[in-house]
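In the numbering used here, the protein residues as written are 774 to 1036.
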């Protein structure tokens, strides 16, 4: 199990397992007094199974950094001791419920968004709360899947009422309507997605998606080396932040399957 939290800057740092290679990048916003309020984690569940978790604490509420760490840590701890065959969708949702209860019980008024990706063999299933995101892009950068932000602007973009670029520029783009730490939260459980050897998966906080369109993210994420993609994504996002005079923590994970023997 690996946990990445309260980090001024990390990455791009690459990790390899039997079936996956992944890169983590996280950075606290420039000129920000508070700590990095994003957290990410990885749990190896066996040769062909892994769980990735990313959470973004709500900056307008107290204990945002603690909220994101509590969410990620609670989920990983809840699942790491279960037999591999028991780690099904119901167990993941139960772990998310446990994280929500922990936030509500111990950290009043805090909140966090969440993205979880559960891998089994060559399939991945995303679990989403708020505007933390999951994307799947092909070898040439084609966006095969992108999650919808649980926000007024996110729904407008998904419905085609706004383009992705218009959504980024919208004055209410910062609003989110579904978060951990709230009794009314819900989990969006995505369909199981088939992943090819050269596909790239992106999990990220809104520090990335609030500044780069999905097509731009896909174009950059398909570079041959994940480390190159990560550095280019980070630089492009920070350049947009500077141009807009905005500041946000930036955290993302890029993931690819390692080709199995005989592939």
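Where a beta carbon is used, it is the ideal one built from N, C-alpha and C, also for glycine.
Report task. Please determine, among 917, 984 and 999, the residue with the shortest C-alpha to C-alpha distance to residue 1009. Result -> As a first step, residue 1009 is located in the chain shown; it is residue number 236 there, counting from the start. Taking only the C-alpha atoms, the option nearest residue 1009 is 984.
Query raised in the report: Span of the alpha helix (DSSP H) holding residue 863?
Result: Reading the chain shown from its first residue, position 90 is the one you call residue 863. First-last of the alpha helix (DSSP H) with residue 863: 862-879.
Query raised in the report: If you run the structure through DSSP and keep just helix, strand and coil, what is residue 921?
Result: Your numbering for residue 921 matches position 148 in the chain shown. If DSSP states are grouped into helix, strand and coil, residue 921 belongs with coil.
Report task. Could you tell me the boundaries of the alpha helix (DSSP H) in which residue 1014 lies? Result -> In the chain shown, residue 1014 corresponds to position 241, counting from 1. Residues 999-1017.
Query raised in the report: Considering only residues of the same chain and omitting the five flanking positions on each side of residue 845, which have a CB-CB separation below 6 Å?
Result: Translated into the one-based positions of the chain shown, residue 845 becomes position 72. Excluding residues within five positions, the ones whose Cβ falls inside 6 Å are 812, 814, 826 and 828.
Query raised in the report: Around the Cβ of residue 975, are there at least 16 other Cβ atoms within 10 angstroms (buried) or fewer (exposed)?
Result: As a first step, residue 975 is located in the chain shown; it is residue number 202 there, counting from the start. Buried, by the Cβ-count rule.
Query raised in the report: Quick one, are the C-beta atoms of residue 777 and residue 1028 less than 7 Å apart?
Result: The residue labelled residue 777 in the question sits at position 4 within the chain shown. The residue labelled residue 1028 in the question sits at position 255 within the chain shown. No. Outside cutoff.
Requested in this report: Within 10 angstroms of the Cβ of residue 906, are there 16 or more other Cβ atoms? Answer buried if so, exposed if not.
Outcome: Reading the chain shown from its first residue, position 133 is the one you call residue 906. Its Cβ being crowded by 16 or more others within 10 Å, residue 906 is buried.
Report task. Give the straight-line distance between the Cα atoms of residue 824 and residue 874, rounded to the nearest whole angstrom. Result -> The residue you call residue 824 lines up with position 51 of the chain shown. The residue you call residue 874 lines up with position 101 of the chain shown. Looking at the two C-alpha atoms, the distance is approximately 21 Å.
Query raised in the report: Which class does residue 851 belong to by DSSP, given the choice of helix, strand or coil?
Result: Mapped onto the chain shown, residue 851 falls at position 78. In this structure, residue 851 counts as helix in the three-state DSSP scheme.
Query raised in the report: Which residue spans inside the segment 937-992 form an unbroken beta strand (DSSP E) run of at least 3?
Result: 973-977
Query raised in the report: Does the Cβ of residue 946 have 16 or more other Cβ atoms within 10 Å, making it buried, or fewer, making it exposed?
Result: Numbered from its first residue, the chain shown carries residue 946 at position 173. Under this definition residue 946 is a buried residue.
Query raised in the report: Are the CB atoms of residue 931 and residue 921 nearer to each other than 7 Å?
Result: For the purposes of this step, residue 931 is taken as the residue at position 158 of the chain shown. For the purposes of this step, residue 921 is taken as the residue at position 148 of the chain shown. Contact: yes.
**Report entry** Cut-off 6 Å between Cβ atoms - residues of its own chain near residue 999, not counting five sequence neighbours on either side
**Finding:** As a first step, residue 999 is located in the chain shown; it is residue number 226 there, counting from the start. 796 and 1027.
Query raised in the report: Which value, in whole angstroms, describes the spacing of the CA atoms of residue 774 and residue 787?
Result: Position 1 of the chain shown, counting from 1, holds the residue named residue 774. Position 14 of the chain shown, counting from 1, holds the residue named residue 787. Each residue's Cα considered, the two are about 15 Å apart.
Query - Reduced DSSP category for residue 837 - H, G, I as helix; E, B as strand; rest coil - result: Start at 1 with the first residue of the chain shown, and residue 837 comes out as number 64. Reduced to three states, the DSSP call for residue 837 is helix.
Query raised in the report: Out of 1023, 878, 925 and 908, which has the shortest C-alpha to C-alpha gap to residue 939?
Result: If you number the chain shown from 1, residue 939 lands on position 166. Comparing Cα positions, the closest option is 925.
Requested in this report: Name, in chain order, the residues that DSSP records as bridge partners for residue 812.
Outcome: Here residue 812 refers to the residue found at position 39 of the chain shown. Partner(s): 778 and 828.
**Report entry** Which of helix, strand or coil DSSP assigns to residue 807
**Finding:** As a first step, residue 807 is located in the chain shown; it is residue number 34 there, counting from the start. The answer is coil: DSSP assigns residue 807 none of H, G, I, E or B.
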